[in-house]
């Protein structure tokens with residue numbers, strides 16, 4: 021029986037980016053390409069290893085398709101920007117590699133998230149548990165195929181998590197022991213934080229309250245730390261940043277991350293599937309404890325309260341019901357209140373950017389990314 | 021908002037075992053205690069960190085209870101024996117730490133396995149998804165609580181996986197770069213192998229065939245490599261074993277690992293809940309593609325074939341139906357054929373033990389563990 025081993029020796033395993041095209045290494049399109057190249061080469065090696073061992077390639081293929089279907093690559097970009105923020109220069113190979121690890125970790129998060137939320141669509145495609153169910157539908161009942169799809173997606177997420185760790189080890193290997201000892205604990209924190217955030221999210225689903233503090237704690241853990249703060253810090257730590265810089269990056273990142281998720285919540289309710297890649301009714305059916313619904317429940321009159329409580333979080337909510345919820349959210353002014361919170365957080369974060377002891381061009385890129393994250397429409 | 025950081029600095033994080041009580045360090049009871057002490061201290065730190073950050077301790081608590089509920093600790097023991105096999109002496113702290121990582125990884129596997137298999141019981145206790153569902157039952161419908169239980173158990177497994185990695189990093193930190201580069205790829209292989217094994221297992225469930233080769237491939241990946249071969253090799257690699265020793269350990273481990281799972285399959289069907297910690301009807305209801313059922317389908321007459329095909333893998337199989345399946349499995353002689361396969365594999369593995377270039381006392385302990393694994397009744 022063949023061993024499931026990659027054919028290339030460890031030193032050749034990383035499709036290491038050479039040098040960036042510009043002088044400054046701050047071409048984000050190039051960074052995105054490098055991150056994708058590392059991930060694609062990695063997944064290709066996993067497919068080949070499975071084939072050589074006589075094992076099915078279904079799971080690496082599903083992960084590869086998921087990665088290819090979209091995604092903003094915001095975490096890898098922030099990781100590489102964090103590396104530049106710490107004043108590093110030359111080839112950002114380790115930051116790119118760590119960025120690929122973060123994106124693979126994100127794939128894990130989303131694959132499991134869709135299982136937990138029973139979401140059928142992601143990035144405009146069937147969710148992984150749906151596509152794997154379809155693969156095993158032939159000759160099986162629908163229920164059995166769905167069960168296999170869910171189990172397979174749990175395994176696909178697990179494998180993506182393990183593979184993100186493998187990518188990270190490749191990056192960490194090249195670091196000095198002192199830097200590795202600063203990077204890995206940040207990764208450990210990030211991974212635990214997002215899972216605690218997911219747990220808070222899951223256990224508050226279906227019973228939203230008017231408590232915005234609880235809703236803000238959820239987005240702090242499941243998004244702000246995970247999406248903005250830790251990727252920036254991990255990149256900076258790879259370049260040897262001191263605690264002072266890590267703390268300064270955090271102060272900028274957290275309000276920005278909160279704003280990012282508040283925008284996500286608005287788009288989840290008021291956006292279109294064409295732009296967000298998932299049905300606009302999904303979030304309303306799930307009944308998550310968002311800041312938006314908490315504020316609406318605070319602001320609603322008794323009639324509006326009853327409407328929200330009877331419709332929000334109804335698994336079979338139809339388009340008409342969804343339209344009613346949206347109307348109430350707007351009538352209470354909750355949508356505008358969330359817009360105001362986004363603006364406040366953006367205005368808290370951005371001035372901090374100018375005070376950061378980091379290269380001007382990195383500030384420029386972080387500002388552009390912040391603008392995209394906060395004012396996006398998709 | 022408090023950060024989810026362990027209070028102890030990294031160097032103090034590991035509850036490092038000092039020296040073993042005997043001269044040789046081969047007191048396995050002591051090893052088991054050390055492994056448990058490392059895991060318990062780790063989980064306690066995670067609970068404290070969650071409490072300090074104002075986060076729920078539900079998940080670390082569920083993981084801690086799961087670890088405390090039982091388990092043979094066979095992987096940590098093999099890891100430490102592998103370390104001794106490579107001729108190491110002194111404090112086995114890194115091997116113990118890696119062993120704790122393997123046991124935490126095993127917790128992850130079982131928690132997700134029970135979700136995928138819809139198993140209600142494990143180690144004589146409610147499965148993690150059941151206990152977490154019960155925790156969130158109050159004020160919710162049963163279906164909603166079950167959904168939260170499943171999502172929470174997916175997260176608990178994810179966190180156990182991430183934490184196993186954290187434990188592993190603690191061990192790897194103390195190793196030379198050269199040894200770390202031999203250990204981590206073995207861990208990467210082990211993790212992918214068990215997930216491929218689980219995928220083969222999952223996708224063949226409900227459609228068992230008479231093909232023993234396919235059933236043997238499943239147990240090779242989901243058990244033999246994962247439970248015996250890799251833990252031994254990982255321990256040996258921590259002590260700097262060369263390829264020759266790793267290969268020799270593999271030759272001994274794989275037939276033994278196959279025998280271990282063949283025994284598990286027999287116990288799953290013919291054992292008692294009191295001894296195995298889970299209902300004896302579970303395996304029959306799941307309808308896994310085991311060597312036992314493959315052989316039975318080969319040996320069965322047409323009437324027995326029909327009985328097996330109509331009953332095996334029926335989710336609501338009752339005790340009477342289960343008794344019928346057991347009678348048919350015995351009548352075909354499949355149970356005795358599996359017993360013979362176990363004996364063959366045991367007799368293939370054990371003589372290799374005598375040829376291994378390892379200390380006599382390690383051979384002695386491996387023989388005792390092999391005997392327990394293969395001839396156990398629980």
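Residue numbers (the working numbering), protein chains in the order written: chain X, 21 to 398; chain V, 21 to 398. All C-beta atoms, glycine included, are put in the ideal place defined by N, C-alpha and C.
Since residue i is in the alpha helix (DSSP H), which residue starts that stretch and which ends it?
| i | result |
| --- | --- |
| residue 237/X | 232 to 239 |
| residue 66/V | 48 to 72 |
| residue 100/V | 94 to 105 |
| residue 2/V | With chain V represented from 21 up to 398, any question about residue 2/V goes unanswered, as that position is not in the structure. |
| residue 366/V | 354 to 375 |
| residue 79/X | 78 to 88 |
| residue 132/X | 113 to 137 |
| residue 170/V | 162 to 193 |
| residue 208/X | 197 to 224 |
| residue 296/X | 293 to 296 |
| residue 346/V | 339 to 351 |
| residue 299/V | Here residue 299/V belongs to no alpha helix (DSSP H), and DSSP marks it neither H nor E. |
| residue 255/V | 250 to 258 |
Report the neighbours of residue i on chain X: residues whose CB is nearer than 7 Å to its CB, in chain order.
| i | result |
| --- | --- |
| residue 275/V | Those do not exist, as residue 275/V stays about 12 Å from chain X at its closest Cβ, beyond 7 Å. |
| residue 136/V | 171 and 174 |
| residue 226/V | 164 |
| residue 156/V | 223 |
What's the gap between the Cα of residue i and the Cα of residue j?
| i | j | result |
| --- | --- | --- |
| residue 43/V | residue 298/V | Any reading at residue 43/V needs caution, since the residue's pLDDT is 49, under 50, leaving its predicted position unreliable; the model's value is listed next. Roughly 39 Å between the two C-alpha positions. |
| residue 351/X | residue 385/X | 37 Å |
| residue 55/V | residue 83/V | 15 Å |
| residue 53/V | residue 127/X | 37 Å |
| residue 248/X | residue 276/X | 8 Å |
| residue 341/X | residue 327/X | 10 Å |
| residue 396/V | residue 75/V | 42 Å |
| residue 378/X | residue 146/X | 41 Å |
| residue 380/V | residue 398/V | 28 Å |
| residue 233/V | residue 192/X | 40 Å |
| residue 305/X | residue 168/V | 15 Å |
| residue 124/X | residue 184/X | 5 Å |
| residue 278/X | residue 57/X | 30 Å |
| residue 346/V | residue 235/V | 19 Å |
| residue 120/V | residue 65/V | 15 Å |
| residue 179/X | residue 211/V | 8 Å |
| residue 371/V | residue 274/V | 13 Å |
| residue 290/X | residue 156/X | 35 Å |
For residue i, which residues in chain V fall below 8 Å Cβ to Cβ?
| i | result |
| --- | --- |
| residue 215/X | 79, 175, 178, 179 and 182 |
Exposed or buried, residue i, counting other C-beta atoms within 10 Å across all chains shown (16 or more means buried)?
| i | result |
| --- | --- |
| residue 224/X | buried |
| residue 190/X | buried |
| residue 1/X | With chain X running from 21 to 398 in the structure shown, residue 1/X is simply not present. |
| residue 392/V | exposed |
| residue 394/V | buried |
| residue 78/V | buried |
| residue 9/X | The displayed coordinates of chain X run from 21 to 398. Any statement about residue 9/X would go beyond what the structure contains. |
| residue 49/V | exposed |
| residue 329/X | exposed |
| residue 86/X | buried |
| residue 186/V | buried |
Name the chain V residues whose beta carbon is nearer than 7 Å to that of residue i?
| i | result |
| --- | --- |
| residue 186/X | 208 |
| residue 212/X | 24, 179 and 182 |
| residue 132/X | 174 and 178 |
| residue 168/X | 222 and 223 |
| residue 189/X | 204 |
Which chain X residues are close to residue i, counting only those with a beta carbon under 9 Å from its beta carbon?
| i | result |
| --- | --- |
| residue 25/V | 205 and 209 |
| residue 76/V | 216, 219, 220 and 223 |
Between the stretch 363 to 387 of chain X and chain V, which residues of the former have CB atoms less than 7 Å from a CB of the latter, in chain order? none
Check distances from the C-beta atoms of the stretch 231 to 258 of chain X to those of chain V and list, in chain order, the residues that come in under 8 Å. 237, 240 and 241
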